[in-house]
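Engineer: Pasting a structure below so you can have a look.
Residue numbers (the working numbering), protein chains in the order written: chain A, -3 to 215; chain B, 7 to 214; chain C, 551 to 835.
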């Protein structure tokens, strides 16, 4: 078969696809053993990723939210965040590194403040409400939903008891904590099963690219 | 003294304000909140860019000192600078050279790096996942049921398998994850409180 | 038997790599054609998106995934946009994960081109922002407090689709797609304080962690991993909105075989391990 017949009909004729395929195979070469090609690809990855971040941030945030409002629209209050942003970079110069603490304290403080009421609602109160839900025992209940509802309530309580380390896990408390351990193990088993699924999916994605987009052996 | 007390005070004031603003709908308060939100987004931007600058500094020092692997550091540095220059010159729209760098270099590299995990998890399944005790056995049984039940082959073997895996996910898994979630939530709240009250100062680089 | 057990325990791990690699490739060459049965969590998301038809309200998608998770979450995004565009529902795209900003743009443009949709009238991409929680608070009052312009620096008031969109009250349905905690932060910082209709589309790694949110209704359904995306594609085909399945469904045969192989590895590894343990116990006696 001639190269012309292969290219386009099976093999991709887009040179960029070949570049992508090269880097894909370069990374996979690590499975055999560590090598120069893999290391070069890895370092290109690091460099391009870091450079990409700066460009995207500039065009999506710095330019529309700082430069344009400050210099074109005259919104002078933005001088303050501009100064705070510059203070962050002081971290790179040891004698002035303490200046970076101020903007960092600002954003950490904001995050901490926002987290308290929102977390209480979403991760505590709503979850308590969910555990006490009577939907499993209502008119549409079946044997399995009733059993499931009981498991849900007592399983949650036992899990919380397990994580209470201020009291030794002895006696009745210890039995409840043990049940909590088993419930947690089932939960972790579910996570593990799903994790295997996730990792395999990522591999399938690359296989699809190599076999379809590059080699053209599948439709 | 002021190098620590000023940031801690800022964290206290800002943290308290942002927690309280959810309960104060007054216009003046909300106007301040809107401005703080804008500033936070910009400062976060700089914090992320700091990472890139730190990397550049680290790579440059490595090349200057000719430490082991300095040749690879040159490659990383050149890639970094080239990407930034190309991005600022060509822009970020589709069809530009910058977008091609993303689509055909960064994207496959990142996707392939993560897909390597599939091989390692298969290897770990063979070499490390042992049913050493009752808890581990329970974990493995649940994992196997989920693995079979959540793919079409589970349905093909028997309708009971996906039904069992759904039951596991809806009830014991939800119970476990809920308990963990509530624990994590309480941890987040206590850490946030410690930051606001100045007890937790790790973000200052303070090791005490 | 002893030799076999020893060989198994000392097997070079590269052989397991080869076996899993072949298991991933073979079903593409010899498809098994296994049927896909949608789960109730995915059906719930489908029904909410379907309910947007004729309302004029947009489907808001937060594209918080990057190339590392694109294989799982990308097909979900594609299926959701197909669903919206087939029904004439506008799509509003956001992004809070910088490594996925360009990927989000590529995905939106690809879906829009497939359906001949016009930018500004049928869909908009607002681009990347940091400080997610802060953006949520501003968006609750007015989107424009955070987004003056879209990804292409066009003032958003010049985009026809944005005329009737101010805050969460104007969103038809919001879906957070991602492989990070961002999908959970939508609930903590968005749904919690401001109550709007929202669902999670996430990688399989995180899917089991979010069942509590589905149970409480904080997430109205859940699309988990490539399987979830395949179920959504199946629902689209069953509803007559598409005539073929997408990438997620194509990969499921491969997924099934690989899962069986991994289970086989676990069983084989444990047989070898317990045989070895038994042999050691007997030799001590």
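By construction, the Cβ of each residue, glycine as well, lies at the ideal position given by its N, Cα and C atoms.
This structure is a prediction, so every number in the text was calculated from the model and none was measured.
Please classify residue 27 of chain B as buried or exposed, where buried requires at least 16 other C-beta atoms within 10 Å of its C-beta.
Structural biologist: With 16 or more Cβ atoms within 10 Å of its Cβ, residue 27 of chain B is classed as buried.
Engineer: Once you ignore the five residues that flank residue 748 of chain C on each side, which residues in its own chain have a CB closer than 8 Å to its CB?
Structural biologist: So the qualifying residues of the chain are 723, 724, 725, 726, 736, 737, 740, 741, 768, 769 and 770.
Engineer: Would a check of beta-carbon distances place residue 127 of chain A closer than 8 Å to chain B?
Structural biologist: Yes, contact with chain B.
Engineer: Exposed or buried, which one is residue 598 of chain C when buried takes at least 16 other CB atoms within 10 Å?
Structural biologist: When all chains shown are included, residue 598 of chain C counts as buried.
Engineer: Closest to residue 49 of chain B by C-alpha separation, out of A:106, A:15, A:12 and A:32, would be which residue?
Structural biologist: It is A:106 whose Cα lies nearest to the Cα of residue 49 of chain B.
Engineer: Using only the alpha-carbon positions, how far apart do residue 669 of chain C and residue 710 of chain C sit?
Structural biologist: Whole-angstrom Cα-Cα distance: 9 Å.
Engineer: Rounded C-beta distance between residue 118 of chain B and residue 202 of chain A? I'm assuming under 8 Å.
Structural biologist: Yes, they are in contact, since the Cβ atoms of residue 118 of chain B and residue 202 of chain A sit about 6 Å apart, within 8 Å.
Engineer: For chain A, check one thing: does any of its Cβ atoms lie closer than 8 Å to the Cβ of residue 182 of chain B?
Structural biologist: By this cut-off, residue 182 of chain B is an interface position.
Engineer: Check each candidate in C:743, C:569 and C:678 and name the one with the smallest Cα separation from residue 691 of chain C.
Structural biologist: Measuring from the Cα of residue 691 of chain C, the nearest candidate turns out to be C:743.
Engineer: Please list the partners that residue 46 of chain B has in chain C, where partner means a Cβ-to-Cβ separation under 7 Å.
Structural biologist: Those within 7 Å of residue 46 of chain B in chain C are 681 and 684.
Engineer: In terms of DSSP beta bridges, what is residue 752 of chain C paired with?
Structural biologist: For residue 752 of chain C, which the question treats as bridged, DSSP gives the partners C:728 and C:774.
Engineer: Alpha carbon to alpha carbon, how far is residue 22 of chain B from residue 40 of chain B?
Structural biologist: Between residue 22 of chain B and residue 40 of chain B, the C-alpha separation is close to 16 Å.
Engineer: List the residues of chain A that residue 648 of chain C touches, going by C-beta distances under 9 Å, in chain order.
Structural biologist: Residues of chain A passing the Cβ test: 48, 49, 52, 53 and 56.
Engineer: Please determine whether the Cβ atom of residue 708 of chain C lies at a distance below 7 Å from any heavy atom of the ligand NAD.
Structural biologist: Of the ligands one can find in the structure shown there are none, so the ligand NAD has no counterpart to examine.
Engineer: Just how far apart, CA to CA, sit residue 39 of chain A and residue 11 of chain A?
Structural biologist: Taking the straight line joining both Cα atoms gives about 22 Å.
Engineer: Closer than 7 Å between beta carbons: that is the criterion. Which residues of the region 189 to 207 of chain A meet it against chain C?
Structural biologist: Answer set for the region 189 to 207 of chain A: 190, 191, 192, 193, 194, 196, 197, 198, 199, 200, 201, 203, 204 and 207.
Engineer: Below 6 Å CB to CB, which residues in the same chain sit around residue 835 of chain C once its five sequence neighbours on both sides are set aside?
Structural biologist: No residues qualify anywhere along the chain.
Engineer: Does the region 575 to 588 of chain C come within contact of the region 687 to 703 of chain C, defined as at least 3 CB pairs closer than 8 Å?
Structural biologist: Output reads no: the region 687 to 703 of chain C does not touch the region 575 to 588 of chain C.
Engineer: Taking any Cβ of chain B, which residues in the region 654 to 684 of chain C have a Cβ under 7 Å from it, in chain order?
Structural biologist: Here the close residues are 655, 656, 659, 679, 680, 681 and 684.
Engineer: Can you tell me whether DSSP reads residue 645 of chain C as helix, strand or coil?
Structural biologist: DSSP places residue 645 of chain C in strand when its eight states are reduced to three.
Engineer: Report yes or no: do the region 130 to 150 of chain B and the region 26 to 45 of chain A share at least 3 C-beta pairs separated by less than 8 Å?
Structural biologist: No, they do not touch.
Engineer: Closer than 8 Å by beta-carbon distance: list the chain C residues that pair up with residue 136 of chain B, in chain order.
Structural biologist: Neighbours of residue 136 of chain B on chain C, chain order: 819, 820 and 823.
Engineer: Drop a sphere of 10 angstroms on the beta-carbon of residue 7 of chain B, count the other beta-carbons inside from all chains shown, and report buried for 16 or more, exposed for fewer.
Structural biologist: Counting Cβ neighbours within 10 Å, residue 7 of chain B comes out exposed, since fewer than 16 surround it.
Engineer: Short of 8 Å Cβ to Cβ, which residues in the region 575 to 598 of chain C face chain A?
Structural biologist: Within the region 575 to 598 of chain C, the qualifying residues are 575, 578 and 579.
Engineer: According to DSSP, residue 612 of chain C sits in a beta bridge with which residue or residues?
Structural biologist: The partner list for residue 612 of chain C (beta bridge, DSSP) reads C:644 and C:726.
Engineer: With distances taken from CA atoms, which of C:702, C:780 and C:602 is nearest residue 57 of chain A?
Structural biologist: Ranking the options by Cα distance to residue 57 of chain A, first place goes to C:702.
Engineer: State buried or exposed for residue 117 of chain A, treating a residue as buried only when at least 16 other CB atoms are found within 10 Å of its CB.
Structural biologist: With 16 or more other Cβ atoms within 10 Å, it is buried.
Engineer: Can you list, in chain order, the residues of the region 718 to 741 of chain C whose Cβ is nearer than 8 Å to any Cβ on chain A?
Structural biologist: Against chain A - using a Cβ distance shorter than 8 Å - the residues of the region 718 to 741 of chain C are 737, 738, 739 and 741.
Engineer: Okay, do the region 173 to 180 of chain A and the region 138 to 156 of chain A touch, 3+ Cβ pairs below 8 Å being the bar?
Structural biologist: Counting Cβ pairs under 8 Å, three or more are found: they touch.
Engineer: Could you tell me which of C:563, C:810, C:630 and C:680 sits nearest to residue 189 of chain A, measuring between CA atoms?
Structural biologist: When each option's Cα is compared against that of residue 189 of chain A, the closest is C:810.
Engineer: Considering only residues of the same chain and omitting the five flanking positions on each side of residue 31 of chain A, which have a CB-CB separation below 6 Å?
Structural biologist: Counting only Cβ-Cβ distances below 6 Å, and skipping sequence neighbours, we find 25.
Engineer: Kindly indicate which residue of C:567, C:792 and C:815 has the alpha-carbon position closest to the one of residue 121 of chain B.
Structural biologist: Taking only the C-alpha atoms, the option nearest residue 121 of chain B is C:567.
Engineer: Distance check for residue 713 of chain C and residue 185 of chain A, CA to CA, integer angstroms please.
Structural biologist: Computed Cα separation, rounded: 48 Å.
Engineer: Just tell me which of C:832, C:772, C:649 and C:673 has its CA closest to the CA of residue 658 of chain C.
Structural biologist: Among C:832, C:772, C:649 and C:673, the Cα nearest to that of residue 658 of chain C belongs to C:673.
Engineer: Does the distance from the CB of residue 20 of chain B to the CB of residue 109 of chain A come in under 8 Å?
Structural biologist: Cβ distance < 8 Å, so residue 20 of chain B and residue 109 of chain A count as in contact.
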